[in-house]
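Residue numbering for the sequence shown is -13 to 414, as defined by our numbering.
All residues carry an ideal CB built from backbone N, CA and C; glycine is no exception.
Input: a single structure, listed below in structure tokens.
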Amino acid sequence: MPIAKTKRLRVVSPTEGGEIAPSLITAVSSVSGAPELHSKYQAIFDQASDAIMTILPNGVIDGANQAIEDLTGHMKAELVGNSIEMLIPPHSKKSAHHHGRPLTVEMFAASGTYEDVVVARKDGYNRFVDMNVRSISSGASTLTLALLRDVTAKKQMERELITKHTELRNAYLQLEKKNAELQAMQETLVQSGKMAALGELAAGIAHELNQPLQGIRGYAQELQSIAIPIVVTHQHGPEVEASLKEIVSNVDKMAAIIGYLRSFTRKSTEKHEMTDIHHAVEEAMKMLGRQFASRGIVVDRNFGKDVPLVYANPLQLEQVFINLATNARDAIEASGRGRGSIQIQTRPAGDFVEIVFKDDGLGMNERTLTKVFNPFFTTKEVGKGMGLGLSLSYGILSKLQGSIVVESELGKGAAFVIRIPVDFRELA
């Protein structure tokens, strides 16, 4: 059997006046007297599924197979003898291509593997390839072999997958948002149900309280008619007269509040008027002033300028402020310091007015914060609170299309922030 003899390849540069080196097949060993073997290797080279090129050291394409035509859109005759730069995407040196890197001459300088390389086609479109570069030496000559696998379809699938993933994530976020809205709506419905039940209970309580309250008012008025003429010249006469008037005035306010309890679940704008927030606060503090003084509680008023009047029932607003003030009083007492402060701040906020009640009392934990506006929820001892004050306040403000939120930490006091529209009838 004859022994194969190696035929050394000599690469001749076009500048030397010779032919460009033929394709890689001529560098493969040829077997003496077996030209059919050369044809066999040539057929394998041409019919390979991956695109194959051979490049000279000066960047000139030396050989190409059939698959390179399908990849680039150029005929082999157009490629062989021309620079590799004809396959470099335009403007590649100025800007990077999305999802890949453009083909460069430097990639053929050394052996290596390159992924997601952008190759320009003759029709102006780009293709993505994974490219394997190998350097083949034969004596003093060097030839670069490049195998290019078209991965454009894979890149397209990846981009579609990323797009679908983004769409799925957005859909998930929308679903989460809808779920949160549904939960909020459910909580609102539950709260509305509690308020409706509370309204029925309040109507019964109001009926029972109204009779003894009217008795107190009658006795106070009778005492006015009897005692004032007697003590008019006494040293404390004016104080007695003022105290009796205050009793009658507070009884009238309580009667109005009881009247509100009777219609707690009914939507009505009766007895609403343009109300001065500051006057309502002062009236509420007047009822609690002596309690605060005896407990060492200081009330700091920080009223804003140009705070507009609001369309509301002034007695209902007083009830809200009384509830917040008494809660602050109880929280300060629970701290055990024997003293404390309540800060009341008002400010205009566009079409709303904001009122902040802040205390330096015991504060609330997370569990209390989630239930603080629920009817009959209280952290006080039995007999010291029914848990109705904040739920009633919530109902009053809801009818005005206002809001109330609380910010608190255990041991750091609490701040109730109220927002009341200037005129809820004008809200869209």
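Quick one: what does DSSP say residue i is sitting in, helix, strand or coil?
i: K344; result: strand
i: S18; result: Caution is warranted here: a pLDDT of 39 is assigned to S18, below 50, making its placement in the model unreliable, and no coordinate value can be reported.
i: Q421; result: Outside the shown range of the chain (-13 to 414) lies residue 421, about which nothing can therefore be said.
i: P75; result: coil
i: N236; result: helix
i: F31; result: helix
i: L89; result: coil
i: E393; result: strand
i: G67; result: coil
i: F359; result: coil
i: V339; result: strand
i: L10; result: Per-residue confidence for L10 stands at a pLDDT of 49, beneath the threshold of 50, marking its modelled position as unreliable; the derived number appears in the next sentence. Reduced to three states, the DSSP call for L10 is helix.
i: V46; result: strand
i: V293; result: coil
i: G419; result: Residue 419 falls outside the range modelled here, since the chain spans only -13 to 414, and no answer is possible.
Cβ of residue i within 8 Å of Cβ of residue j?
i: G388; j: G349; result: no
i: A63; j: A37; result: no
i: A279; j: I308; result: no
i: V104; j: N112; result: yes
i: G59; j: R120; result: no
i: G45; j: V91; result: yes
i: G322; j: D346; result: no
i: I328; j: V293; result: no
i: H258; j: N288; result: no
i: V339; j: I382; result: no
i: T261; j: L295; result: yes
i: A72; j: Y100; result: Going by the sequence as given, residue 72 is Met instead of Ala. Not in contact: M72 and Y100 (Cβ atoms no closer than 8 Å).
i: I404; j: I341; result: yes
i: I47; j: F94; result: no
i: H265; j: T332; result: no
i: L57; j: L147; result: no
i: I202; j: V237; result: yes
i: I244; j: N196; result: yes
i: E319; j: R276; result: no
i: K344; j: A401; result: yes
i: T128; j: P75; result: no
i: N51; j: A34; result: yes
i: L301; j: A242; result: yes
i: S379; j: V267; result: no
i: M441; j: A132; result: Outside the shown range of the chain, which is -13 to 414, sits residue 441, and nothing can be said about it.
i: F359; j: L386; result: no
i: V66; j: G86; result: no
i: G290; j: P224; result: no
Using a C-beta cutoff of 8 Å, does residue i count as contacting chain B?
i: V103; result: Annotation note: the requested chain B is absent from the structure, which comprises a single protein chain.
Between which two residues does the alpha helix (DSSP H) harbouring residue i extend?
i: R315; result: P300 to S321
i: S327; result: Here S327 belongs to no alpha helix (DSSP H); instead the beta strand (DSSP E) covers G326 to A335.
i: S280; result: I263 to S280
I need the boundaries of the beta strand (DSSP E) containing residue i, first residue and last residue.
i: T40; result: A37 to I41
i: D286; result: I283 to N288
i: E412; result: Where E412 is concerned, there is no enclosing beta strand (DSSP E), given that its DSSP letter is neither H nor E.
i: I406; result: A400 to P407
i: I54; result: First-last for I54: Q52 to T58, but that is the alpha helix (DSSP H), not the beta strand (DSSP E).
So, do the stretch 166 to 174 and the stretch 207 to 215 have three or more beta carbon pairs nearer to each other than 8 Å? No: fewer than three Cβ pairs fall under 8 Å.
Report yes or no: do three or more beta-carbon pairs, one from the stretch 373 to 380 and one from the stretch 309 to 318, lie closer than 8 Å? A contact exists between the stretch 373 to 380 and the stretch 309 to 318.
To test your reading of the DSSP string, which unbroken beta strand (DSSP E) runs of 3 or more residues are found completely within the stretch 100 to 179? As for any beta strand (DSSP E) of minimum length 3 sitting wholly inside the stretch 100 to 179, the runs are 112 to 124 and 127 to 136, ordered along the chain.
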